[in-house]
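Number of protein chains: 2
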Amino acid sequence: MSGADALEFWFEFASTYSYPAAMRIEERARAAGVPLRWKAFLLGPIFAAQGWNDSPFNLYPVKSRYMWRDLERVCAALELPMRRPSRFPRNGLRAARIACWFEDEPWLPAFVRAVYDANFARDADIAEPQVLAACLARAGAPAEALDAAGDDAARAKLRARVDEAVALGIFGAPSFVVGGELFWGNDRLEDALAWARGARPDRARA
Amino acid sequence: MSGADALEFWFEFASTYSYPAAMRIEERARAAGVPLRWKAFLLGPIFAAQGWNDSPFNLYPVKSRYMWRDLERVCAALELPMRRPSRFPRNGLRAARIACWFEDEPWLPAFVRAVYDANFARDADIAEPQVLAACLARAGAPAEALDAAGDDAARAKLRARVDEAVALGIFGAPSFVVGGELFWGNDRLEDALAWARGARPDRARA
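If you read the sequences in order, they're chains U and G. Here our numbering runs 291 ahead of the position in the first sequence, where the first position is 1. Here our numbering runs 291 ahead of the position in the second sequence, where the first position is 1.
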């Protein structure tokens, strides 16, 4: 369909700015003619390696206050519903194992959006199996997908995925990778899509 | 000229993303019909209060690697020259005292741009008086402005400015304040200008 490079979308279900990115990326990538790869991963182990035992937003209250207000503005501009989760960050481990294991299934994008909607629009606990079962049902996925998340193979695949994120220099979410080029943050999606289509600003002049 | 609210531009001379913001903000604000207020401040005391004794970029090398590459892309897209400073962060205290004390002078914007150009395009040490003297000369400012930076009144004004930043919830640079609304980051400049012109996306639906 096009000669564009593929765009990898690295997302973490607990990540606030991954929410608007996840809700709009499939449509934007399709409009740009850019093939999309969904890469569920976990930030927890990456933050822990930097010495953080919690979301950096919880560690820095002033930044947290700003982030929630900014997210509200970003979602309003996209006409996305947003309700601040009563607990943050939610534990997205099980959801990530499902999304990582079934990443090539046709229902995967709808499942990912359903989980983000549960977390950031409905204040549902995405660690709960019944919440994830409802997300799978909304996406038209088989109910058995829930159990597959507990398999050793699914666990190992997600662990390898986190190692891959570290190797790519990923330190936050959402991140976008095109070729070897890394873009961080929901507001870099358009730049990443342009890069995938071959846009290359001149190197900075020294 | 317009009914737009004023936009406060909070900048720190050592801050990397303040560089592209400082180089383009006067033109963008004029085009948008938004009155602009220049607010030089210091991030050092704010970072220290969060327990950081250095730039967070230096504390987190993975994030630092990304930031320099991203800044290179951002500057290239704006056709701004960029040379990574051989020392980061540079000490911008003296420059900030000048910019804070003389913030209503007609030469102030040109001086601010000259200092950013020295730091991020010429790898000059903006802590050095002779570098700042050249920046003042480029901006058409009186040479005596350099000495004013050492006065008690100029020191006190900058200290009060940092207190004001904290009171506004500012935690990084560049920041933009419109009414009580805070926007953080070079890539929020357009949103802040739109806000000043009265754009108010609907509140997020719960």
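Don't be surprised by glycine CBs; every beta carbon is placed ideally from N, CA and C.
Proximity test, Cβ basis, 8 Å: residue i and chain U
i               : result
I308 of chain G : Just to set this straight, residue 308 of chain G is Tyr in the shown sequence, not Ile. No, its Cβ sits nowhere closer than 8 Å to a Cβ of chain U.
K330 of chain G : no
A339 of chain G : no
F462 of chain G : yes
V325 of chain G : no
D478 of chain G : yes
R364 of chain G : yes
A497 of chain G : Because A497 of chain G carries a pLDDT of 35, less than 50, the predicted location of this residue cannot be relied on, and the following value inherits that uncertainty. Chain U contact via Cβ: present.
A305 of chain G : no
P465 of chain G : no
Residue range of the beta strand (DSSP E) that includes residue i
i               : result
V469 of chain U : 466–469
R328 of chain U : 327–331
Strand pairing of residue i, partner residues [DSSP]
i               : result
A436 of chain G : A436 of chain G is not bridged to any residue.
W475 of chain G : G:S466
E299 of chain U : U:R328, U:V468
Nearest residue (CA-CA) to residue i, options the options
i               : options                        : result
A456 of chain U : U:G294, U:A490, U:E303, U:D296 : U:E303
Y407 of chain U : U:Y310, U:G383, U:R429         : U:Y310
R429 of chain U : U:A412, U:L399, U:G476         : U:L399
V403 of chain G : G:L427, G:Q421, G:N382         : G:L427
R374 of chain U : U:D345, U:T307, U:S466         : U:T307
E370 of chain G : G:A483, G:A312, G:D442, G:D438 : G:A312
N349 of chain U : U:A390, U:A305, U:F467, U:A401 : U:A305
R450 of chain G : G:E435, G:G471, G:K330         : G:K330
A390 of chain U : U:A440, U:E481, U:R491         : U:A440
V365 of chain U : G:D482, G:R360, G:A487         : G:D482
P397 of chain U : U:L327, U:A368, U:L298         : U:L327
P420 of chain U : U:R413, U:A434, U:W486, U:A412 : U:A434
R446 of chain U : U:F393, U:S346, U:A323         : U:F393
R388 of chain U : U:G470, U:F300, U:R321, U:D438 : U:D438
A432 of chain G : G:E318, G:A401, G:A444         : G:A401
A295 of chain U : U:D416, U:A322, U:M314, U:D345 : U:A322
F300 of chain G : G:P347, G:A418, G:D442, G:F467 : G:F467
A386 of chain U : U:A418, U:V325, U:A367, U:F411 : U:A418
Y351 of chain G : U:E472, U:R315, U:G342         : U:G342
G489 of chain G : G:G324, G:R413, G:R319         : G:G324
N410 of chain G : G:A436, G:P376, G:D442         : G:P376
Closer than 8 Å to chain G by CB, residue i
i               : result
L473 of chain U : yes
R494 of chain U : Residue confidence for R494 of chain U is low, a pLDDT of 48 falling below 50, so the modelled location carries little weight and cannot support an answer.
V353 of chain U : yes
A483 of chain U : no
Y357 of chain U : yes
R319 of chain U : no
A415 of chain U : no
A367 of chain U : yes
M292 of chain U : Note on M292 of chain U: pLDDT 47, under 50, position unreliable in the model; no value is reported.
Limits of the unbroken alpha helix (DSSP H) element including residue i
i               : result
A386 of chain G : 384–392
N410 of chain U : 399–411
N349 of chain G : 347–350
D482 of chain U : 480–487
Y308 of chain U : Where Y308 of chain U is concerned, there is no enclosing alpha helix (DSSP H), given that its DSSP letter is neither H nor E.
G335 of chain G : 335–340
P420 of chain G : 420–429
E370 of chain G : First-last for E370 of chain G: undefined, no H or E at that position.
R450 of chain U : 443–458
>> Using a Cβ distance threshold of 8 Å, determine whether the stretch 378–398 of chain G contacts the stretch 330–341 of chain G, with at least three qualifying pairs required.
In response: yes
> Touching or not, the stretch 450–464 of chain U and the stretch 337–354 of chain U, by the rule of three or more beta carbon pairs under 8 Å?
Replying inline: yes
>> Under 8 Å: do the stretch 474–485 of chain G and the stretch 337–356 of chain G share three or more Cβ pairs, one atom per stretch?
In response: no
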